[in-house]
Amino acid sequence: MSRVLRPHHGMCFQFYEGKGYSEDFTDHMGRIIREMESDPSQKIRLKVETDIVCRNCPNNEAGECTTADKVKRYDEEVLKACGLVEGDEISFAEFTELVREKIIDAGIRSDICGDCSWDYICREKERILRAVRRIFKMESILDEALRRMDDAEEAPQEFLDYQTEIKKLDEYYSSQDWKNDYVMDEDGLLPKDLKRGVLSEDGIYDALERNKELMERIKGTRMVKHVILWTLKDELSAEEKVTIKQEIKEGLEGLKGKVPGIVDIKVNINGLESSNADLMLDSTFESIEALKGYSVHPEHVAVADSKVRPYTKIRSCLDFEV
């Protein structure tokens with residue numbers, strides 16, 4: 316059973332701090348918010364009409380809002396910003412996240428309801444809410460970055476793949492947002508239980524410096540691509556070729572984790588438009604030394620001798636640094 320909610324009340328919930336038209340109104344509003352937050356998975360139905368929050372509001376006369384035109388505009392703007400339409404049913408948690416992401420984080424809250432009589436409360440809290448969500452996002456990136464840095468020697472490609480996200484940390488640290496967030500923290504405006512490693516010079520600065528050192532070390536050792544094209548023997552039937560290609564794929568791709576130095580290894584068994592080859596090995600190694608070790612490793616030799624060489628007739632190989 317869903318509960319009807321005016322879309323713009325999704326914004327009110329973000330900024331409510333116990334103030335309102337009357338004691339009856341604030342008691343009721345507080346109770347509604349507590350009920351919603353205690354069960355965020357409950358469904359709400361978004362309607363441009365008076366709802367559960369409107370009770371005890373002085374603008375509510377017999378179920379009709381005396382400021383209908385203004386609040387209807389608020390509702391319609393919220394629906395538009397969140398990509399929703401009137402009548403949509405959505406969980407309270409999902410709607411809350413949409414309002415935070417599409418309206419508060421996007422900085423358009425005042426464009427929607429800046430002429431509301433309670434706007435002064437929202438302005439005071441909006442800056443803090445946006446800072447908290449920004450810090451929370453950066454903390455998530457920092458945690459994952461540190462994990463990948465710890466594993467960079469064993470999994471360099473995973474570390475390299477995360478550089479786009481780490482760049483966001485660097486941009487944040489050099490931005491006015493970071494300075495503003497730092498000042499708010501110094502002034503005691505941020506929640507005490509907020510994780511704030513990105514606001515620590517030691518935390519974010521040390522992580523970025525460590526990232527630079529690891530990048531220099533890993534990039535200093537050039538990785539190597541190892542590509543092979545195979546054609547299967549003519550005497551094999553179509554059915555046999557299907558089975559053999561799958562076995563080669565499983566055998567070679569299964570070497571990752573068994574043979575040191577493999578960054579990635581994939582086998583294309585669907586053929587290539589630009590070649591008559593039946594299979595293509597596309598693999599990446601940490602270094603030329605890692606590739607040399609792979610070629611003589613017992614696990615690789617076993618797969619090559621049992622699954623590849625007996626059934627292939629043409630082999631083309633290309634190795635190059637990346």
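Just so you know, we're using our numbering here: the sequence shown kicks off at 316 and counts up by one.
Beta carbons: idealized from backbone N, C-alpha and C, even for Gly.
The structure presented is a predicted model; accordingly, all values stated were derived computationally and were not measured.
Length of the line joining the Cα atoms of residue i and residue j
| i | j | result |
| --- | --- | --- |
| residue 549 | residue 563 | 17 Å |
| residue 611 | residue 463 | 29 Å |
| residue 396 | residue 406 | 17 Å |
| residue 333 | residue 390 | 22 Å |
| residue 449 | residue 511 | 11 Å |
| residue 366 | residue 425 | 23 Å |
| residue 602 | residue 623 | 24 Å |
| residue 479 | residue 383 | 47 Å |
| residue 594 | residue 456 | 38 Å |
| residue 351 | residue 494 | 35 Å |
| residue 380 | residue 371 | 12 Å |
| residue 583 | residue 398 | 40 Å |
| residue 394 | residue 362 | 10 Å |
| residue 413 | residue 506 | 22 Å |
| residue 392 | residue 323 | 8 Å |
| residue 318 | residue 528 | 54 Å |
| residue 554 | residue 545 | 17 Å |
| residue 466 | residue 541 | 23 Å |
| residue 525 | residue 356 | 41 Å |
| residue 644 | residue 509 | Because the chain here runs from 316 to 637, residue 644 falls outside it and cannot be looked at. |
| residue 536 | residue 606 | 13 Å |
| residue 325 | residue 489 | 33 Å |
| residue 567 | residue 596 | 8 Å |
| residue 523 | residue 485 | 7 Å |
| residue 337 | residue 343 | 10 Å |
| residue 440 | residue 419 | 11 Å |
| residue 578 | residue 347 | 53 Å |
| residue 543 | residue 447 | 51 Å |
| residue 417 | residue 444 | 13 Å |
| residue 340 | residue 328 | 14 Å |
| residue 368 | residue 353 | 16 Å |
| residue 475 | residue 565 | 26 Å |
| residue 580 | residue 538 | 13 Å |
| residue 559 | residue 571 | 20 Å |
| residue 634 | residue 492 | 46 Å |
Endpoints, alpha helix (DSSP H) assigned at residue i
| i | result |
| --- | --- |
| residue 427 | 424 to 428 |
| residue 386 | 383 to 397 |
| residue 612 | Premise fails: residue 612 is in no alpha helix (DSSP H) and is neither H nor E. |
| residue 563 | 553 to 568 |
| residue 479 | 478 to 488 |
Identity of the residues DSSP links to residue i by a beta bridge
| i | result |
| --- | --- |
| residue 585 | Bridge partners of residue 585: none, in fact. |
| residue 527 | None; residue 527 has no bridge partner. |
| residue 595 | 544, 583 |
| residue 406 | 358 |
| residue 577 | 600 |
Neighbour-count burial assignment, residue i, 16 or more Cβ in a 10 Å radius
| i | result |
| --- | --- |
| residue 423 | exposed |
| residue 482 | exposed |
| residue 460 | buried |
| residue 427 | buried |
| residue 600 | buried |
| residue 496 | buried |
| residue 575 | exposed |
| residue 373 | exposed |
| residue 402 | exposed |
| residue 632 | exposed |
| residue 435 | exposed |
| residue 520 | exposed |
| residue 627 | buried |
| residue 316 | exposed |
| residue 454 | buried |
| residue 552 | exposed |
| residue 532 | exposed |
| residue 573 | exposed |
Assigned secondary structure, residue i (DSSP; H/G/I helix, E/B strand, else coil)
| i | result |
| --- | --- |
| residue 351 | helix |
| residue 334 | coil |
| residue 358 | strand |
| residue 433 | coil |
| residue 499 | helix |
| residue 627 | strand |
| residue 510 | coil |
| residue 636 | strand |
| residue 376 | strand |
| residue 533 | helix |
| residue 414 | helix |
| residue 447 | helix |
| residue 618 | helix |
Start and end residues, beta strand (DSSP E) containing residue i
| i | result |
| --- | --- |
| residue 420 | No beta strand (DSSP E) contains residue 420, which DSSP labels as neither H nor E. |
| residue 320 | 318 to 320 |
Contact with chain D by residue i, beta-carbon distance below 8 Å
| i | result |
| --- | --- |
| residue 561 | Reference to chain D is not applicable here, since this structure consists of a single protein chain. |
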